[in-house]
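Residue numbers (this note's numbering), protein chains in the order written: chain X, 314 to 565; chain A, 5 to 419. Glycine included, each C-beta is placed from N, C-alpha and C at the ideal position. All values derive from a computational prediction rather than experimental measurement.
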């Protein structure tokens with residue numbers, strides 16, 4: 314069995330664009346994906362900038378039923394996974410279902426959906442919340458929904474390891490390919506911009522309080538003054554080399 | 005750290021007595037909710053405080069309850085192993101914890117405060133303090149445990165819902181087998197008994213509403229079951245390579261001989277009746293262990309006490325073990341300590357290790373009238389002496405995850 318791990322497809326949904334192409338073009342052009350949030354401004358938050366994915370319309374990727382039962386974080390992951398499979402020209406049915414897995418990483422879960430339901434619970438008297446809270450808020454939601462949407466029944470995992478999670482997920486995928494999987498849908502996704510998730514980050518005292526979207530985030534600069542939270546994700550198809558060659562690699 | 009008595013001995017005594025630790029919820033006022041029963045851990049506040057100090061945390065910082073359970077279990081596991089700081093290279097010591105819902109109690113508590121009891125979507129950021137971020141990112145529990153035991157190697161949280169306990173221990177084994185660590189502190193913790201979690205399961209009627217008889221509310225495989233009973237707790241283990249453990253003369257509970265996870269790719273909460281995916285996970289775990297199905301002497305069931313789970317899992321066992329499924333005892337300790345979501349897989353591994361050590365299998369409590377579609381030997385109500393060299397434990401969770409692990413007596417001790 315070949316131990317080589319190949320990255321054969323990618324999907325990116327980022328503040329710099331809703332495709333890998335847009336993301337790359339904006340990145341090499343040095344364009345910022347950071348903008349001001351008027352909602353934070355109104356609320357008097359100290360930090361009002363964030364990297365938000367502009368014009369993300371989940372319905373462009375997903376049926377309305379799936380949009381209704383998922384947090385934005387999972388929607389970003391499902392969209393990126395859809396694009397990654399297309400980019401890899403991989404139809405999940407080309408791989409035996411028990412040999413394709415899903416491994417995602419994040420630092421937090423379905424923040425906006427969760428805040429909405431906690432709010433609903435505490436601001437009403439009947440104790441009723443959405444039937445989807447139990448499947449939208451928890452950390453396994455994205456891996457589970459990606460697995461269901463694409464029929465992946467193989468070894469799957471969810472790594473919650475803060476800012477290392479995306480790399481950890483790919484590392485874990487490499488291990489999975491070495492222990493029997495042919496392909497893994499893997500990557501990191503996060504949507505931490507809803508007010509309560511933002512407040513959690515504010516609590517660290519590490520958020521930049523700069524006002525100018527263009528000059529606010531200054532890694533390695535002497536004037537570096539904190540981070541600007543962002544959202545988005547990248548999902549990849551990683552494949553075992555022998556399996557990829559068997560599938561359609563020789564055509565390329 | 006299980007309901008009904010903390011520490012390894014109390015846990016095993018409870019299981020052998022077939023006693024239920026399920027009660028009316030005391031951690032908050034659950035009277036508005038449909039399901040008002042849970043299995044709670046008697047958490048000693050002094051122990052939690054000293055653990056907080058040991059992890060180097062300022063005195064005014066509060067650990068989430070899940071983190072407290074994780075750190076207490078982890079430090080007890082280290083003490084039990086006999087390993088002390090200095091016996092291992094810190095960079096070669098890993099920590100893997102499983103949890104399904106993380107620091108949910110603290111997140112909810114703080115949210116209620118900063119939103120004027122849920123009135124304001126735009127929360128009051130001026131009122132938040134330094135702990136809040138560690139509740140947002142539950143890997144903070146991994147950090148706190150790593151600091152407490154002096155581990156500086158690979159560290160992560162595995163959050164695959166209700167199979168996270170098995171999956172985290174599995175991940176720990178992988179770190180050992182890939183030679184990325186010499187010793188791994190691995191297990192799982194959960195503290196989900198809070199209004200939002202209770203409301204979440206109420207909304208889909210997954211939990212029981214047998215509120216008038218809390219002590220008998222968790223009834224896996226019983227015809228009159230009405231859903232699962234929420235629980236909390238933690239179990240953490242020290243995992244080492246066999247040679248290293250033998251060299252230092254460690255007490256070896258068991259060998260982790262095989263472990264696998266599969267997904268049903270079907271439904272976030274629904275299960276197909278045939279149990280095909282769980283069966284695949286079992287087959288793979290047995291293949292790794294190089295054991296035939298009829299070598300399984302005991303099955304620690306997922307046995308959550310929902311109709312669909314109990315039938316799904318019974319089918320999976322028949323698919324994988326064939327006629328042997330009828331010969332080997334199968335039981336669910338959730339009947340006694342409830343379903344602690346991400347933690348229960350690890351707590352069940354603890355029960356399996358103790359089963360191998362004590363040559364006795366825990367019962368399924370509250371099993372009075374078997375569901376005719378669940379026709380295996382579920383060890384009703386009374387623990388049983390039984391020769392056990394090999395144990396299979398399985399888990400099933402939201403998201404479609406199905407996990408299996410095979411544990412065996414240490415080599416040289418088989419009967």
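Please return the same chain residues whose Cβ sits closer than 6 Å to the Cβ of residue i, not counting the five positions on each side in sequence.
i, result
"residue 111(A)", "139"
"residue 281(A)", "266, 268 and 406"
"residue 495(X)", "408, 412, 553 and 556"
Using a threshold of 8 Å, state whether the C-beta atoms of residue i and residue j are closer than that.
i, j, result
"residue 116(A)", "residue 196(A)", "no"
"residue 236(A)", "residue 414(A)", "no"
"residue 347(A)", "residue 221(A)", "no"
"residue 403(X)", "residue 322(X)", "yes"
"residue 223(A)", "residue 370(A)", "yes"
"residue 180(A)", "residue 171(A)", "no"
"residue 469(X)", "residue 482(X)", "no"
"residue 203(A)", "residue 86(A)", "no"
"residue 234(A)", "residue 165(A)", "no"
"residue 189(A)", "residue 51(A)", "no"
"residue 156(A)", "residue 97(A)", "yes"
"residue 394(X)", "residue 467(X)", "no"
"residue 25(A)", "residue 340(A)", "yes"
"residue 473(X)", "residue 507(X)", "no"
"residue 532(X)", "residue 363(X)", "no"
"residue 366(A)", "residue 5(A)", "no"
Using a Cβ-Cβ distance cut-off of 8 Å, determine whether residue i contacts chain A.
i, result
"residue 384(X)", "no"
"residue 388(X)", "no"
"residue 513(X)", "yes"
"residue 508(X)", "yes"
"residue 374(X)", "no"
"residue 407(X)", "no"
"residue 451(X)", "yes"
"residue 467(X)", "yes"
"residue 423(X)", "no"
"residue 471(X)", "yes"
"residue 395(X)", "no"
Spell out whether any CB of chain X is found under 8 Å from the CB atom of residue i.
i, result
"residue 22(A)", "no"
"residue 313(A)", "no"
"residue 409(A)", "no"
"residue 143(A)", "yes"
"residue 446(A)", "Past the boundaries of the shown model lies residue 446(A); chain A is included only from 5 to 419, so the question cannot be answered."
"residue 125(A)", "yes"
"residue 161(A)", "yes"
"residue 173(A)", "no"
Assuming residue i is part of the alpha helix (DSSP H), what are its boundary residues?
i, result
"residue 321(A)", "311-325"
"residue 396(A)", "Counting along the chain, residue 396(A) falls outside any alpha helix (DSSP H), though it belongs to the beta strand (DSSP E) covering 394-401."
"residue 145(A)", "144-153"
"residue 272(A)", "It is not in any alpha helix (DSSP H) - residue 272(A) carries neither H nor E in the DSSP assignment."
"residue 330(A)", "Where residue 330(A) is concerned, there is no enclosing alpha helix (DSSP H), given that its DSSP letter is neither H nor E."
"residue 283(A)", "280-293"
"residue 483(X)", "478-491"
"residue 353(A)", "345-362"
"residue 355(X)", "351-356"
Might you give, ordered along the chain, the residues of its own chain that have their beta carbon closer than 7 Å to the beta carbon of residue i, omitting 5 neighbours on each side?
i, result
"residue 324(A)", "283, 286, 287 and 297"
"residue 198(A)", "32, 108, 109 and 112"
"residue 448(X)", "382 and 454"
"residue 401(X)", "321, 322 and 550"
"residue 34(A)", "40 and 202"
Which first and last residues belong to the beta strand (DSSP E) in which residue i is found?
i, result
"residue 547(X)", "545-553"
"residue 1(A)", "With chain A running from 5 to 419 in the structure shown, residue 1(A) is simply not present."
"residue 243(A)", "237-244"
"residue 615(X)", "Any property of residue 615(X) remains undetermined from this structure, which presents chain X solely from 314 to 565."
"residue 503(X)", "496-503"
"residue 20(A)", "Unbroken run through residue 20(A) is the alpha helix (DSSP H), 12-21; no beta strand (DSSP E)."
"residue 156(A)", "Run containing residue 156(A): none; DSSP gives neither H nor E here."
"residue 80(A)", "Looking at the DSSP string, residue 80(A) is not in any beta strand (DSSP E); the run it does join, the alpha helix (DSSP H), is 69-85."
"residue 98(A)", "97-102"
"residue 190(A)", "187-194"
"residue 467(X)", "Where residue 467(X) is concerned, there is no enclosing beta strand (DSSP E), given that its DSSP letter is neither H nor E."
For residue i, would you say it is in contact with chain B, using Cβ-to-Cβ distances shorter than 8 Å as the test?
i, result
"residue 272(A)", "The structure shown contains no chain B; the protein chains it does contain are X and A."
Handout entry: contact_flag[the segment 386-396 of chain A, the segment 245-254 of chain A] where n(CB pairs < 8 Å) is 3 or more
Key = no
Exercise for the section: Check whether the segment 327-345 of chain X touches the segment 549-559 of chain X, taking contact to mean three or more Cβ pairs, one atom from each stretch, closer than 8 Å. Expected result: no
Exercise for the section: Please determine if the segment 348-366 of chain A and the segment 311-319 of chain A are in contact, where contact requires at least 3 C-beta pairs separated by less than 8 Å. Expected result: no
Practice task
Mind the definition here: the segment 121-136 of chain A touches the segment 457-468 of chain X only if three or more C-beta pairs lie below 8 Å; say whether that holds.
Solution key: no
Practice task
Examine the Cβ distances between the segment 349-357 of chain X and the segment 370-385 of chain X and report whether three or more of them are shorter than 8 Å.
Solution key: no
Problem - contact_flag[the segment 428-436 of chain X, the segment 260-277 of chain A] where n(CB pairs < 8 Å) is 3 or more - result: no
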